[in-house]
Each structure stands twice: as C-alpha cells, then as structure tokens.
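Protein sequence lines correspond, in order, to chains C and B. Counting in our numbering, the first sequence tops out at residue 517, every number present. Counting in our numbering, the second sequence tops out at residue 517, every number present. Ideal placement from N, C-alpha and C gives every residue a C-beta, glycine not left out. Model, not experiment: these values are computed from the prediction.
Number of protein chains: 2
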Amino acid sequence: MSLIVQKYGGTSVGDVARIHNVAARVAACRARGDDLVVVVSAMAGETNRLLGLAAEMCSDADEREKDVLVATGEQVTVALLAIALKAAGCPAVSFLGHQVRIATDSAFGKARITSIDDSRIGAALAAGKVVVVAGFQGVDADDNITTLGRGGSDTSAVALAAAMHADGCEIYTDVEGVFTSDPRLCPNARKLDRISYDEMLELASLGAKVLQIRSVEFAKRYGVPLHVRSTFTDTEGTRVVEEEASMEDVLVSGVTYDRDEAKITLVRVPDQPGLAARVFGPIADANISVDMIIQNASADGTTDLTFTVPKADFRRALGLVEAHARDLGATGVRTDADVAKVSIVGLGMRSHAGVAAKMFRALADVGINIQMISTSEIKTSVVVDAKYVELAVRVLHDAFLGGGEGRG
Amino acid sequence: MSLIVQKYGGTSVGDVARIHNVAARVAACRARGDDLVVVVSAMAGETNRLLGLAAEMCSDADEREKDVLVATGEQVTVALLAIALKAAGCPAVSFLGHQVRIATDSAFGKARITSIDDSRIGAALAAGKVVVVAGFQGVDADDNITTLGRGGSDTSAVALAAAMHADGCEIYTDVEGVFTSDPRLCPNARKLDRISYDEMLELASLGAKVLQIRSVEFAKRYGVPLHVRSTFTDTEGTRVVEEEASMEDVLVSGVTYDRDEAKITLVRVPDQPGLAARVFGPIADANISVDMIIQNASADGTTDLTFTVPKADFRRALGLVEAHARDLGATGVRTDADVAKVSIVGLGMRSHAGVAAKMFRALADVGINIQMISTSEIKTSVVVDAKYVELAVRVLHDAFLGGGEGRG
Numbered sequence: 110m111s112l113i114v115q116k117y118g119g120t121s122v123g124d125v126a127r128i129h130n131v132a133a134r135v136a137a138c139r140a141r142g143d144d145l146v147v148v149v150s151a152m153a154g155e156t157n158r159l160l161g162l163a164a165e166m167c168s169d170a171d172e173r174e175k176d177v178l179v180a181t182g183e184q185v186t187v188a189l190l191a192i193a194l195k196a197a198g199c200p201a202v203s204f205l206g207h208q209v210r211i212a213t214d215s216a217f218g219k220a221r222i223t224s225i226d227d228s229r230i231g232a233a234l235a236a237g238k239v240v241v242v243a244g245f246q247g248v249d250a251d252d253n254i255t256t257l258g259r260g261g262s263d264t265s266a267v268a269l270a271a272a273m274h275a276d277g278c279e280i281y282t283d284v285e286g287v288f289t290s291d292p293r294l295c296p297n298a299r300k301l302d303r304i305s306y307d308e309m310l311e312l313a314s315l316g317a318k319v320l321q322i323r324s325v326e327f328a329k330r331y332g333v334p335l336h337v338r339s340t341f342t343d344t345e346g347t348r349v350v351e352e353e354a355s356m357e358d359v360l361v362s363g364v365t366y367d368r369d370e371a372k373i374t375l376v377r378v379p380d381q382p383g384l385a386a387r388v389f390g391p392i393a394d395a396n397i398s399v400d401m402i403i404q405n406a407s408a409d410g411t412t413d414l415t416f417t418v419p420k421a422d423f424r425r426a427l428g429l430v431e432a433h434a435r436d437l438g439a440t441g442v443r444t445d446a447d448v449a450k451v452s453i454v455g456l457g458m459r460s461h462a463g464v465a466a467k468m469f470r471a472l473a474d475v476g477i478n479i480q481m482i483s484t485s486e487i488k489t490s491v492v493v494d495a496k497y498v499e500l501a502v503r504v505l506h507d508a509f510l511g512g513g514e515g516r517g
Numbered sequence: 110m111s112l113i114v115q116k117y118g119g120t121s122v123g124d125v126a127r128i129h130n131v132a133a134r135v136a137a138c139r140a141r142g143d144d145l146v147v148v149v150s151a152m153a154g155e156t157n158r159l160l161g162l163a164a165e166m167c168s169d170a171d172e173r174e175k176d177v178l179v180a181t182g183e184q185v186t187v188a189l190l191a192i193a194l195k196a197a198g199c200p201a202v203s204f205l206g207h208q209v210r211i212a213t214d215s216a217f218g219k220a221r222i223t224s225i226d227d228s229r230i231g232a233a234l235a236a237g238k239v240v241v242v243a244g245f246q247g248v249d250a251d252d253n254i255t256t257l258g259r260g261g262s263d264t265s266a267v268a269l270a271a272a273m274h275a276d277g278c279e280i281y282t283d284v285e286g287v288f289t290s291d292p293r294l295c296p297n298a299r300k301l302d303r304i305s306y307d308e309m310l311e312l313a314s315l316g317a318k319v320l321q322i323r324s325v326e327f328a329k330r331y332g333v334p335l336h337v338r339s340t341f342t343d344t345e346g347t348r349v350v351e352e353e354a355s356m357e358d359v360l361v362s363g364v365t366y367d368r369d370e371a372k373i374t375l376v377r378v379p380d381q382p383g384l385a386a387r388v389f390g391p392i393a394d395a396n397i398s399v400d401m402i403i404q405n406a407s408a409d410g411t412t413d414l415t416f417t418v419p420k421a422d423f424r425r426a427l428g429l430v431e432a433h434a435r436d437l438g439a440t441g442v443r444t445d446a447d448v449a450k451v452s453i454v455g456l457g458m459r460s461h462a463g464v465a466a467k468m469f470r471a472l473a474d475v476g477i478n479i480q481m482i483s484t485s486e487i488k489t490s491v492v493v494d495a496k497y498v499e500l501a502v503r504v505l506h507d508a509f510l511g512g513g514e515g516r517g
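So this is what it looks like as structure tokens:
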C-alpha cells in the first residue's frame, strides 16, 4: 500500500461533470488500495473571476483581503469533490489550509510554506478516508489566510507529499505531460517520458507552464518524484525525477520560448565601477524583474549595457533608465519592445561541447539574427526578433530533437 | 464612544456598487467615533448558486461539505467589504468564523453558537480598525466549518453584540423596518417605531421575513437592543426592545399572514387516549413540522382532528395519515391544500378583553369563514380559504391599525 498525493488543476475540475470524473479516478485509485491525499485548484476561471471582483472594488486592493477572497475558489472545489466522492461511495473529508494546517509566512499573495502539520490528515487516512486538501492556501502565524501565488496548488501538493513522505506526487493537468517543445508551434514536439528536476526547472522558468517552478524546486529539495499526466486519459505522463546517468546522453531535452520580453540598451556609457548597480538599483526598487543582462566593454572605455524586462514593465523600466541616462553619461537609450527569447535545455550540455555552436549555426542557416545570448550550465538562451520565434523553435527542435533523437 | 454591531444582508451587499455604498455608510459611522463590528451575509443569490452546485453534484450532498461550500459566500463578502473600506481610507480587517472565533455545535447546516471568543476582535478595534465578520458561519470543537442555517447572519450579529456587550445592534436590510403588515397586501401598512422582542418573535415566526427568529430570541435573552433599518435610506427604522409599559396600550401591533399552509382532517376518529401521539408520531419522525392542531370531541365519542403542515410537506404528511387512518378508526380523511393563516399580534391582548372577538367580527362582516383558530398570549391566528388572504389582512389592519390607531 502506497501513499500518493494527487493534484488536479483548474481545468480538471472546471465543472460538475469534470469533478465527477476526478472523483471516479480517485475512487478507482483508492479501490486499488492506495492511501490518497488529493489537492485541488479552483475551478477554471474562478480565481480570475474573484480577482476581477477585487479589481472592480479597488484598483489597488489590500493584499491580505485579496487572499481571503481568492482562497474561496479552492474551498468550493474541495467541498464539491468531497461531496462527489462520498456520493460515489468513497469516504472522504475536505480540509482547508488552516485545518491541515499548512503554515506559511505572511507574504500575502506569494506566501511560502514554512511547515505542515500532517496529524489531522494522518488521522483521516487511518480512518480509511480520502483526504481532499485545498491547494494554493495556508495560514500565517496569526491565523491569517495566505495564498501561495499563481500555480501554488502544485507547491501545496509537493509540500504535502514531502511532509508526509509520500511514495509519489501525481500532477494531473489538461496536457499529457512535459513536451520537448510547444506542440502548437512545433508539430514534431513529443512527450518526454522522464526528465530531471534541473531540466524541468529550466523548462518551467522558460515558459513551459506545465508545472509551477517553486513546486519543482520543492520536489528536488525533498526528492519527491513527480508524475505529470493528463486527467482525461490513462496514458503515462512525464516523470520528473532525480538525475540519472543516462540522461546526459541526450544533448537537449527541450526547446522553449518566451514572447514576454522587451529590450533596453544604454548606448556608450562610460565604463566605470558601480555602473550596473546604478542602473539596476532603481529598477529592482520598482519591483521589476530583469531577465537577461549583457554588458560589452569597448576599447574606448565605454560600454553598451543591454537588458530585457517583461513587456508589461517595459514603459516603467524605460522611464527609470531615461531619468538616469544623462547622469550615467550615456549617449542614448535604444529599445526594442518586440523581441522573444528562445532556449534549449538539456543535461547533456554539461558534458558535450559544441551544443551552443550548433544552436547558433542552426539559427544562422535560416537567417535569424541573434541579438543577445545567455547561458547556464544546462541551458542556452538567445534573444531574437519576435517575428522569428516560431521559426527559431522549429529549427532548433529539428536540429536537436527532430529525427527521433533525444529522450523519447 | 459606543460599540455598535451592524449587519448587512445579501441585498445590501448584492454587487460591487452596493458594497461601496455599505463601505461609505460604515466609514461615516466610524468617523462619528463609534467602534464598529460589521457582519455581512453572502451577496444576494450566492448561497443559492452554491447550493445549486452541491445539488448538481449530488441530490443528497454531505452536510459537512455543504457547509464548507456555502461558507465561501460570506468569505467573499467580508474580503470585498474590507477592501472597499480600506480603499475609502477606513482601516479595516476581515475575520472568518474560525478566526474570531465563533464556536458552535456540530449540527452542520443548522449549528447553534456555543461561545464567542472576542479577544481578536477587541484587539483589532483597539488598533482603530473596523472589524468585518463573516455572518452565518462558525467552527465546531474539531475545527470543522459550520453554518447557522438560513438567515443565520442575523444571529451572528446579535451573538457578537451580546458577547461584546455592544451598545446596539443594527440590522440593515432592503426594507425600512418592521411594518404593521405587508405593504404589498395592505396599502395602509406603516412602519413601527418600536416593538417588543415578544411581538417581533410572533411576527417573525408568522412570516414577516425581516429578522431571523433565532436572532430575536438571542437578542431577547441577552437584552441586545435591535434596530432594523434600510441600507438605502437614512430614515430611522424599527427598534426591537425590551417591553415597555406603554406598549400594552396598543391592542395589535401587526397583522401577518402565511400562505404556506395545507390542512388535513381525520374525520370522526374514536376519541381515545394516545390518539394524537399515534397521529403525529410518524409525522414528526418524517421531519415534517406541524403548525396548527385542533381537536374537537363530539358527544358521540368521536372527534375530528385537524392540523396544518407546510405545503411542500402536504403529500408526504397525507400519505402517512392515510396509512394510519383505518387503524385509528377514522371514517375518512379530508384535505384542503389551499388555505392560509392570518394572525394578529400585540402585547395589548394580554390585558384587553375582546380582541379576538373583534377579529372574528371583522372577518364575519366581510363574509370570510374561519376554518381554524389558534391563540397564544399575544397572538390570535385563524385559518381561512387562501383566496381570502388579502381581504382578511386588509380588513384586520383597518379594524385594529387603520385609523391611525396603534404604535406608529
């Protein structure tokens, strides 16, 4: 008998019929003898509906109260799923964040789990019940309701699996697993059977929206094996696991892209110590996250400093840079709000030379100009003109994963 | 400086604009220097929407989980009102039943409040905040969410006012107060300025849906002065208070009616000890509440036994009676599903003779036949053919309250 934590996303519980479908899946697993803790998200669209109400109320709604508001989304789903399970003859009980209890810090809207008291869940499991837990929510030390931020239900599930030393954590979603690239852009994209935590982290942070990045970090830290799979089929999904030796045989496990990038360049700034701090201090203070940064010193003692920010923050970031450009001695500011980032990810890059070179060559062969390059141990990213993003993804997928290469 | 508990019903917080309106009212009261605890219901229609989801899920949904589900209605409203208050510059904080904490028994769907720990509310008030509390909900000893039943937010407000020794409890609703009769039936109906708890109890239980009956019982027991008034105007409403000597000067304070009555008669039953128990035992077991009961023995040793039940329970009750009629020796069962109850209520009945006689005379004068009569200390009710209900109400209102008589 195993203890399995299952998590069902908003699409999986999007209406009454789908909740019945989830109940049937859960009841079947339970009938096979496993102990089950089921974490659910709000019904698809519900969190946005609630945030819309808050925005209608006030453009700058109080964060604590917003968490009280949106936490109702998951509360509705746990109640409905527990009702469906009991109706299906499967004993069940729902718990909210404060009942479990899932303790967090007090960072409303983006709280972090600090501890989980699993005694109440353990007692319910011992009594033969399926335990349905509201994802996304917790309580701080003062019993205030907190939420974990978008996609937080993944983190709830993984944290529960870690706290309860579960044998596995299954993430049910509306896709069949993690793909080598976005199938909408790349007809050859195929499902990965296995992927390492580190690769998944790079894929998650690069825009593959299958798993929330914090949940993967959590799974890696506590060694929780994840299984990302579809709620609507019975096929195996993608297992996200500890790195295995054979994984390095594959150069690239995925090609991802992110259209949400805008580029700003400070032209010919005198290159002096503290320059970067003076540029990025005010941007960080404005809570804008900078993605890529490139600085290239010339022989004449000046440098071009280029960086990218999310498109939504572009105007604000530009305002901050322009306010300081003269002080910094720059001759001007150049911008391009229409760029995209394309990345390849793979453990194989660590041990195989020439992966980046092969990437640049493939892009050059179809005439795509590379504007910026950034690399990490298992990832290489380039910024290109936004209009080339589909082509770039397809070309790179063909080059590294196209002909049946890669981890299938 | 006073401590006031205010309660706003579902219509008062029915949409974003109305919640802003409530916030403005609350902020204005706060600006006058009062400490405020504000109890809110779910937005109009929301509880029914949630119960509809549960019913779609399962015709016999689990009671514990239904409470988890519907408690979200009030949770949404407290968050939105707290957001609106802070946006209006009025410091505020929301609390749910488990945060306050409002302890109840474990009778899901109709829980009773056992105690209230007001320390957290007290601290928030001391910090200068308006405290917004979710009505209708509490927690049992095992931290399960409970609800108090329909209209339970009134009870939450009164219980909080009692626990905190508030100076008053204001019930805001979509009518201007308690009326001498239903203005839709009775154009002469007028708002009462003051009414005793006992009169309000009779009016509430007889179909005047302004206040939930348990909240009035609670207010009476703990001496909490109530003020029922409109959310949408600034006019004084109706004060529900301890009985005052002058109140008995008025014979009748209100005329009410209830169309939700169906009548069943067991004809010529042999009159023997235990008859009533044998008739009403099975009906009580079926959880059907019987309203009026009349038994009249004849000289021939038989009796006609007549009683009324809610229309929705009529078929079930009839089935139970018919199943037993032969055993009981009745010659037959007569029914009338189309009757209504009309009542007059007033403290004055206690000390003034002839009130009932005047009532019967007024009805006889317009040719309305009285089918059943039932009386209590401060109330006289009659059952009449349903088609006469408007006429009966108007005639009785004219007779007792029409010409500027009564407590205005």
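Delimiting residues of the alpha helix (DSSP H) encompassing HIS506 of chain C: 498-506
Within 9 Å (strictly less), CB to CB, does GLY513 of chain C reach chain B? Its pLDDT being 49, under 50, GLY513 of chain C is placed unreliably by the model, and nothing is read from it.
Residues that SER452 of chain C bridges to, as DSSP identifies them: C:THR365 and C:SER490
Kindly list, in the order they appear in chain B, the residues whose Cβ is closer than 7 Å to that of LYS300 of chain C. What LYS300 of chain C touches in chain B: nothing, since even the nearest Cβ is about 33 Å away.
Tell me the DSSP bridge mates of SER485 of chain C? C:LYS488
Quick one: list the residues of chain B neighbouring GLU174 of chain C, beta-carbon separation under 7 Å, in chain order. Per Cβ cutoff of 7 Å: ALA188, ALA191, ILE192 and SER203.
Using a Cβ cut-off of 8 Å, pull out every chain C residue sitting near VAL177 of chain B, in sequence order please. GLN184, VAL187, ALA188, ALA191, SER203 and LEU205
When the distance is taken between beta carbons, is GLN184 of chain C closer than 9 Å to LEU205 of chain C? yes
Assess contact between the stretch 369-379 of chain B and the stretch 470-478 of chain B, defined as three or more Cβ pairs (one per stretch) separated by less than 8 Å. Is contact present? The answer is no - the stretch 470-478 of chain B does not touch the stretch 369-379 of chain B, with fewer than three Cβ pairs under 8 Å.
Kindly list the residues whose CB is nearer than 8 Å to the CB of ARG338 of chain C, restricted to its own chain and excluding five residues on each side of it in sequence; keep chain order. GLU279, ILE280, TYR281, THR282, GLU285, GLY286, THR344, GLU345, GLY346 and THR347
Identify the continuous beta strand (DSSP E) that holds PHE204 of chain C and give its terminal residues. Residues 201-204.
Answer with yes or no whether the minimum CB distance from VAL125 of chain B to chain C is below 9 Å. Under the Cβ criterion of 9 Å, VAL125 of chain B is counted among the residues facing chain C.
Using CA coordinates, which residue listed in C:THR213, C:ALA275 and C:VAL240 is at the minimum distance from THR256 of chain C? C:THR213
Work out the CA separation of VAL359 of chain B and ARG299 of chain B for me, nearest whole Å. Here the alpha carbon of ARG299 of chain B sits roughly 15 Å from the alpha carbon of VAL359 of chain B.
Below 8 Å between beta carbons is the criterion; list the residues of the stretch 140-171 of chain B that meet it against any residue of chain C, in chain order. LEU159, LEU162, ALA163, GLU165, MET166, CYS167, ASP169, ALA170 and ASP171
GLN208 of chain B: contacting residues in chain C (beta-carbon distance under 7 Å): What GLN208 of chain B touches in chain C: ASP252.
Can you tell me whether ASN405 of chain C is buried or exposed? The criterion is at least 16 other CB atoms within 10 Å of its CB, across all chains shown. Under this definition ASN405 of chain C is an exposed residue.
Under 8 Å between beta-carbons, which chain B residues line up against ILE128 of chain C? List them in chain order, please. Going along chain B in sequence order, the residues near ILE128 of chain C (Cβ under 8 Å) are MET166.
Is ALA320 of chain B helix, strand or coil by DSSP? It is Leu, not Ala, that sits at residue 320 of chain B in the sequence shown. Looking at LEU320 of chain B - three-state DSSP - the assignment turns out to be coil, as it is neither helix nor strand.
DSSP three-state call for GLY441 of chain B: helix, strand or coil? strand
With a threshold of 9 Å between beta carbons, is LYS195 of chain C in contact with chain B? yes
Would you report the Cα separation of ALA271 of chain C and THR156 of chain C, rounded to the nearest angstrom? 26 Å
Comparing the C-beta of THR255 of chain C with each C-beta of chain B, is any distance below 9 Å? Cβ-Cβ to chain B under 9 Å: no for THR255 of chain C.
Beta-carbon contacts of ALA434 of chain B that lie in its chain and below 7 Å, excluding the five residues immediately before and after: LEU375 and VAL442
Report the CB separation of SER121 of chain C from PHE245 of chain C in whole angstroms; it is logged as a contact under 8 Å. Not confirmed; about 14 Å, so no contact.
Closest Cα partner of LEU429 of chain B within the set B:ALA393, B:ALA170 and B:VAL131: B:ALA393
THR120 of chain C: contacting residues in chain B (beta-carbon distance under 7 Å): Chain B residues near THR120 of chain C: none, gap ~17 Å exceeds 7 Å.
Contact check, VAL267 of chain B vs ALA233 of chain B, beta carbons under 9 Å: no
Chain B beta carbons: is any one of them nearer than 9 Å to that of TYR117 of chain C? no
Is ALA220 of chain C near the ligand FAD, in the sense that its beta carbon is under 8 Å from a heavy atom of that ligand? Summarising the ligand content, the structure contains no ligands, and the ligand FAD is consequently not present.
Would you kindly report the start and end of the unbroken alpha helix (DSSP H) that includes CYS138 of chain C? 125-140
If you measure beta-carbon to beta-carbon, which residues of the stretch 387-413 of chain C are closer than 7 Å to chain B? none
Contacts of THR181 of chain B in chain C (Cβ-Cβ under 7 Å): THR181, GLN184 and VAL185
For ARG293 of chain C, the nearest candidate out of C:TYR366, C:ILE254 and C:SER262 (CA to CA): With distances taken between Cα atoms, ARG293 of chain C lies closest to C:TYR366.
Pull the bridge partners of GLY247 of chain C from the DSSP assignment, please. C:THR255
Unbroken alpha helix (DSSP H) run spanning ASN157 of chain B, endpoints: 155-166
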